[in-house]
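In mature numbering (1 follows the signal peptide of the UniProt record, and there is no 0), the protein residues as written are -17 to -1, 1 to 80.
(1) Buried or exposed, going by whether 16 or more other CB atoms sit within 10 Å of the CB of residue 53?
(2) Evaluate contact between the region 36 to 50 and the region 12 to 27, counting only Cβ atoms and requiring at least three cross-stretch pairs below 8 Å.
(3) Run the CB neighbour count on residue 8, radius 10 Å, all protein chains shown included, and call it buried at 16 or more, exposed below.
(4) Identify every run of the alpha helix (DSSP H) within the region 1 to 52, keeping only runs that are complete inside it and at least 4 residues long; order them along the chain.
(5) Do residue 61 and residue 32 come within 9 Å of each other at the CB atom, strictly closer than that value?
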């Protein structure tokens, strides 16, 4: 019912419009696409961790609570920050979402 209401109001994103039984984005699948599943990724391209955070996005979503950069945080910490970032700006932060 909640998803139907969100769809009617036009506020559901692709990641929110999930089949029954799924409860949010598949962060492991997004990481597999973004960084080949390497949660410690730091290739020098300005994107860090499994979900390829920019430093400014990491900071804006509260990542400094866990680590100075996403690649230095655990998978679970990166997912926590990703959920905050998604709440702030939607899933558009990830091209693979």
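Backbone N, C-alpha and C fix where the C-beta goes; we use that ideal spot for every residue, glycine too. Bear in mind that the values here come from a model prediction, so they are computed numbers and not experimental data.
Put simply:
(1) Numbered from 1 along the chain shown, position 70 holds the residue referred to as residue 53. Buried, by the Cβ-count rule.
(2) In this structure the region 36 to 50 does not lie against the region 12 to 27, because fewer than three pairs of beta carbons, one per stretch, are closer than 8 Å.
(3) Here the question's residue 8 lines up with position 25 in the chain shown. With 16 or more Cβ atoms within 10 Å of its Cβ, residue 8 is classed as buried.
(4) Fully enclosed alpha helix (DSSP H) runs of 4 or longer: 10 to 18, 38 to 43.
(5) For the purposes of this step, residue 32 is taken as residue 49 along the chain shown, with counting starting at 1. For the purposes of this step, residue 61 is taken as residue 78 along the chain shown, with counting starting at 1. Yes, they are a contact pair.
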